[in-house]
Amino acid sequence: MRTFKPVFNRYQLRFLITLPTTPLQSLSSSLFTTAFYCGDRCCSQPGRLFSSASRNNLLMELVKAVASKGAATGQSIAIRSEEKSYTYLQLISSAWRVSNLLCNSDLKTVDDLKGNKHLAGARIGIVAKPSPEFVAGILGTWLSGGVAVPLALSYPEAELLHVMNDSDVSMILSTEDHQEPLKTVAAKSAAQFSLLPLVSSTSESTESDEAHNGEKNVDWSFPDEDPALILYTSGTTGKPKGVVHTHRSILAQVEFMPKFSVRGIWQRWRESYPAKDIKIDNAITVFTGVPTMYTRLIQGYEAMDPELQAVSAAGAGQLRLMMCGSSALPLPVMQQWETITGHRLLERYGMTEFVMAISNPLKGERKGGTVGKPFPGVQVKILGEDGTEDDKTGVGELCIKSPSLFKGYWKLPKVTEDSFIDGGFFKTGDAVRVDEDGYYIILGREYMLVYFDSLSLCHMPLLLRAAI
């Protein structure tokens, strides 16, 4: 994957979009891919995302394409979820319904001034299970000029209230299955509440979908630096912080993350590739996960009988690409996975604050124990304990400058200021070193490293092993 130049061959993204579970990073990543990959008939060049001239308003170009070209474009499949298909026309139609709902509500905005049919930055909380309604809710918020604040279903009430009050959520949008508890939460935070409109599937399409395909002659544009999304961190170093992503930073990244079920994933791979060199329509071609997922998938594989193992390994082996991220992948897991499937996992590195920045190559050597090299357009610095820079061989804190970098932490100007160094580089808090080939190795969180006489324990593996 490349940053800031999101142009892909049409076969590279021909996978089944399976909406993820609760991690906010995964929700946003799935949303980016779902919303911005337009299919063969949604753009002037088959299999290509919109040109650089129109990328600043990519969502609007997608809406205009569906609105102006009608059925031919709108009937391309945008999402497949729970054995149902949803077209771009149905997705955008539902997004317009959400937009109309929001624009006709009296919502609090950033400066208490709301333009005609524009929310002027009002924050909209969205609570929904992984579904087309969630995607339509995000798109509808953007169409209205609002800022989306995804809220995890696993949040206890106290944490929901913290996030809502901290981000000044004006309205909560929810699916029907969560309306009762969220009405109570909304009342406690003085936010309005409304249900998300259902998105009709291809088998349930109605004439109203065509009627709500957008305002064809209205130029809805988003300045690059306008906030689009506020994602809250996990709070491992204090209270959760709101990470503000702009439309520009979102458009710099395209990623997806599948819903996880050990049996379900192996089954999907077997179904996608029932025999050697045979691939069904809508076959999954790309899979990404975290180390724990691959460990559990290996355990699931080992529990199968030999016949099922053979079919499962053959199916998995035909995927185009398998990736791993989130934390360091143990080398034995990588080696065992390669033995089973033939895939050498592609490791990469990202954070909520910039999504993705470093990766092993798609073609080329994938070095175990490393996260690869920076993407094109990404600048990296290593900051030593004494504040000096050593980008070649030293150990220190990884600092990133990227087109996809977030704008700042919501309502935390001092924390935001302290998180950057001169030149606009973000301090990740992760300690790294670079090997002789320029591949980056993540050592852990910077504050967890122990230094002695200017040397980190990571320089002394025998001492580190003894300490553990």
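Position in the sequence shown (first residue = 1) + 212 = this note's numbering. Every residue gets a Cβ at the ideal spot worked out from N, C-alpha and C, and that includes glycine.
- Item | CB contact flag (residue 200, residue 612, <7 Å) | Outside the shown range of the chain, which is 213 to 680, sits residue 200, and nothing can be said about it.
- Where does residue 645 land, buried or exposed, given buried means 16+ other C-beta within 10 angstroms? Stepping through the sequence shown from its first residue, residue 645 is reached at position 433. Buried.
- Identify, in the order they occur along the chain, each residue of the same chain with its Cβ nearer than 6 Å to the Cβ of residue 352, setting aside the five sequence neighbours on each side. The count along the sequence shown starts at 1 and reaches residue 352 at position 140. Once the five neighbours on either side are set aside, the close Cβ partners of residue 352 are 307, 310, 311.
- Message: Taking the alpha-carbon of residue 357 as reference, which of 363, 331, 348 has the nearest alpha-carbon?
- Response: The residue you call residue 357 lines up with position 145 of the sequence shown. Comparing Cα-Cα distances from residue 357 to each of 363, 331, 348, the minimum goes to 331.
- Task: Mind checking which residues open and close the alpha helix (DSSP H) that includes residue 452?
- Result: Counted from its first residue, the sequence shown places residue 452 at position 240. Segment: none, residue 452 is in no alpha helix (DSSP H) and carries neither H nor E.
- Item | Euclidean distance between Cα positions of residue 292 and residue 298 | Here residue 292 refers to the residue found at position 80 when the sequence shown is read from its first residue. Here residue 298 refers to the residue found at position 86 when the sequence shown is read from its first residue. For residue 292 and residue 298, the distance between alpha carbons rounds to 6 Å.
- Message: If distances are taken between C-alpha atoms only, which option among 512, 390, 538 comes closest to residue 552?
- Response: On the sequence shown, position 340 is the one that residue 552 refers to. Looking at the Cα atoms, 512 is the closest of the given residues.
- Item | residue 565, buried or exposed, once every other Cβ within 10 Å from all chains shown has been counted against 16 | Walking along the sequence shown from the start, residue 565 turns up at place 353. Its Cβ being crowded by 16 or more others within 10 Å, residue 565 is buried.
- Message: Can you determine whether any heavy atom of the ligand MG sits closer than 6 Å to the C-beta of residue 460, and answer yes or no?
- Response: The ligand content of the structure shown is nil, which means the ligand MG is not present either.
- Message: Spatial neighbours of residue 410 within its chain, please: C-beta separation below 8 Å, excluding the five flanking residues on both sides.
- Response: As a first step, residue 410 must be located in the sequence shown, where it is residue number 198. 306, 345, listed in sequence order.
- Message: Taking 7 Å as the limit between beta carbons, can you name the residues of its chain near residue 651, skipping five residues before and five after?
- Response: Residue 651 sits at position 439 when you count from the first residue of the sequence shown. So the qualifying residues of the chain are 579, 582, 584, 585.
- Inter-stretch contact (C-beta, 8 Å, three-pair minimum) for the region 545-559 and the region 500-514: yes
- Message: Less than 7 Å between the C-beta atoms of residue 621 and residue 453, yes or no?
- Response: Position 409 of the sequence shown holds residue 621. Position 241 of the sequence shown holds residue 453. Yes, Cβ-Cβ distance for residue 621 and residue 453 is below 7 Å.
- Message: Please state the DSSP three-state secondary structure of residue 341.
- Response: Taking the sequence shown and counting its residues from 1, the one referred to as residue 341 is at position 129. Looking at residue 341 - three-state DSSP - the assignment turns out to be coil, as it is neither helix nor strand.
- Item | Secondary structure of residue 336, DSSP reduced to three states | Within the sequence shown, the letter at position 124 stands for residue 336. Reduced to three states, the DSSP call for residue 336 is strand.
- Task: Would you check if the distance between the CB atom of residue 333 and the CB atom of residue 385 is smaller than 7 Å?
- Result: Looking up residue 333 in the sequence shown gives position 121. Looking up residue 385 in the sequence shown gives position 173. Going by C-beta atoms, residue 333 is not nearer than 7 Å to residue 385.
- Message: For the region 520-531 against the region 484-492, do three or more pairs of beta-carbon atoms, one drawn from each stretch, fall closer than 8 Å, so that the two count as touching?
- Response: yes
- Query: To which residues of the same chain is residue 627 closer than 6 Å at the C-beta, ignoring the five residues directly before and after it?
  - Reply: As a working note, residue 627 is residue 415 in the sequence shown. Taken in chain order, the residues that qualify are 621.
- Tell me which same chain residues have a C-beta within less than 8 Å of the C-beta of residue 543, skipping the five on either side of it? Residue 543 sits at position 331 when you count from the first residue of the sequence shown. Closer than 8 Å at Cβ, skipping near neighbours: 580, 581.
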